[in-house]
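Trainee:
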């Protein structure tokens, strides 16, 4: 089996965007508006059409079997409105993911968005973890290290305000993917500098902390190949040694990297630097990069091809990346 651990519902029916536009208009008129959750009217047929013609088609064309599926990352928009805005939006998004997975149970498994909001205690996201995992069968969460949308004016991931989330993750044995949302700071571009910078930032915040000492069973995924981490592994090792600890001992029992790297040499570097046991197959399709690479004639995000073409790993190591590591990290995955 080939499991893609990083997929987003980027092809939602129009009613989802229409609901969000109404929310945005409401908080533009009154930033403190509590509003109401309301409803999003989407039929099963609309969901089927949005998936069959997109993610499911690409699954079949590219030879993958199962996608671990979460709401569209750039639309999490934790910086928009207030904590009520985020709570209602998050609940709708997670409910929609559950519907997708119910309609396509052999192809998609759900991961939850959290209702984070700038200046709001991260502990307030714990009830949504409980709801989605214990009541709805979700197998993981996406955790935003920067709910401000690129201003980075909140707490580090090492701050104890995040500990209630880590406690619940440990209790439920679920992983978190460290994933920002859209950038509202014009200095950053959402799916380029903001995403990759956040991957790197999240990694360093955790490696320089006692989080994994306090939560030795915690499982964290750094997406997009780890941002700058594999390329600068020597720098991070040096920084760790300067602080008196070994990088590998500090992070490699807890941190995993996905394969959302969109060229062969980049994947080969990731596979060379990071131990196989810490790599999970992922493509993020349909996501940030949707075009065809003119140098290869294949889609940039057809990442299975890069793993297949690697000449160093054994077949057993490749299967660990494609399936076994993901099953270990997402222990609630039952297939």
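Numbering (full-length UniProt numbering), first residue to last: 1 to 335.
Glycine included, every Cβ here is placed at the ideal spot set by N, Cα and C.
Predicted model only: the values in this text are computed from it and were never measured.
(1) Can you look up residue 225 in the DSSP assignment and give me helix, strand or coil?
(2) Output needed for residue 326: all residues of its chain with C-beta closer than 6 Å, excluding positions within five of it in sequence on either side, in chain order.
(3) By how many angstroms is the C-alpha of residue 116 removed from the C-alpha of residue 177?
(4) Cβ of residue 300 within 8 Å of Cβ of residue 274?
(5) Work out the CA separation of residue 133 and residue 233 for me, nearest whole Å.
(6) Between residue 58 and residue 286, is the Cβ-Cβ spacing less than 8 Å?
(7) Do the region 288 to 308 and the region 196 to 203 meet, that is, are 3 or more Cβ pairs less than 8 Å apart?
(8) Contact defined as beta carbons within less than 8 Å: I believe residue 209 pairs with residue 158. What is the distance between those atoms, to the nearest angstrom?
(9) The alpha helix (DSSP H) spanning residue 14 covers which residue range?
(10) By a C-beta neighbour count over all protein chains shown, 10 Å radius and 16 as the cutoff for buried, is residue 20 buried or exposed?
(11) Using three-state DSSP, classify residue 76 as helix, strand or coil.
(12) What number of angstroms, rounded off, separates the C-alpha of residue 88 from the C-alpha of residue 82?
(13) In the DSSP output, which residue or residues are listed as bridge partners for residue 112?
(14) Using C-beta distances below 6 Å, list every residue in its chain close to residue 203, excluding the 5 sequence neighbours before and after it, in chain order.
(15) Quick one: using the 10 Å Cβ neighbour count with 16 as the cut-off for buried, is residue 79 buried or exposed?
(16) Considering only their Cβ atoms, is the gap separating residue 122 from residue 164 smaller than 8 Å?
(17) Identify which residue in 138, 315, 236 and 85 has its Cα closest to the Cα of residue 32.
(18) Candidates 77, 248 and 111: which alpha carbon is nearest residue 185's?
(19) Rounding to the nearest angstrom, what Cα-Cα distance links residue 235 and residue 241 in this structure?
(20) Once the 5 residues before and after residue 125 are set aside, which same chain residues still bring their CB inside 7 Å of it?
(21) Beta-carbon separation of residue 118 and residue 148 under 8 Å?
(22) Quick one: Cα of residue 189 to Cα of residue 150, how far?
(23) Report the residue from 244, 213 and 267 whose alpha carbon sits nearest the alpha carbon of residue 254.
(24) Check whether the Cβ atoms of residue 94 and residue 67 lie closer than 8 Å to each other.
(25) Ignore the nearest five residues each way along the sequence and tell me which others in residue 136's own chain have a CB closer than 6 Å to its CB.
(26) If you compare alpha carbons, which of 193, 263, 237 and 259 is closest to residue 292?
(27) Enumerated in chain order, which unbroken segments of the alpha helix (DSSP H) with a length of 4 residues or greater are wholly contained in the region 24 to 67?
(28) Under 8 Å by Cβ, that's how I've got residue 329 and residue 219 pegged, so tell me the actual separation to the nearest angstrom.
(29) By how many angstroms is the C-alpha of residue 311 removed from the C-alpha of residue 90?
(30) Compute the Euclidean distance between the alpha carbons of residue 302 and residue 64, then round it to the nearest angstrom.
(31) With a floor of 4 residues, list each alpha helix (DSSP H) that falls wholly inside the region 140 to 179, ordered by position along the chain.
(32) Ignore the nearest five residues each way along the sequence and tell me which others in residue 318's own chain have a CB closer than 7 Å to its CB.
(33) Using alpha carbons as the reference points, say which of 25, 316 and 50 lies closest to residue 9.
(34) What distance in whole Å lies between the Cβ atoms of residue 111 and residue 333, which are believed to be in contact at a cut-off of 8 Å?
Mentor: Based on what the coordinates show:
(1) helix
(2) 3, 5 and 280
(3) 14 Å
(4) No, Cβ-Cβ distance for residue 300 and residue 274 is not below 8 Å.
(5) 34 Å
(6) yes
(7) They do not touch, by the three-pair rule.
(8) That belief holds up - the Cβ atoms of residue 209 and residue 158 are roughly 3 Å apart, short of 8 Å.
(9) 14 to 29
(10) buried
(11) Here residue 76 sits in coil by DSSP.
(12) Rounded to the nearest angstrom, the two C-alpha atoms are 10 Å apart.
(13) 141
(14) The answer, listed in chain order, is 222 and 229.
(15) buried
(16) Yes, they are a contact pair.
(17) 85
(18) 77
(19) 10 Å
(20) Answer for residue 125: 114, 115, 116 and 165, listed in chain order.
(21) yes
(22) Put simply, the backbone Cα of residue 189 is about 9 Å away from that of residue 150.
(23) Nearest to residue 254 by alpha-carbon distance, out of 244, 213 and 267, is 213.
(24) no
(25) Here residue 136 has 98 as same chain residues with Cβ atoms under 6 Å from its own Cβ, once five neighbours each way along the sequence are excluded.
(26) 263
(27) Segments of the alpha helix (DSSP H) lying fully in the region 24 to 67: 44 to 52 and 55 to 62.
(28) 5 Å
(29) 42 Å
(30) 10 Å
(31) 163 to 172
(32) 307
(33) 50
(34) Not a contact, Cβ separation roughly 10 Å.
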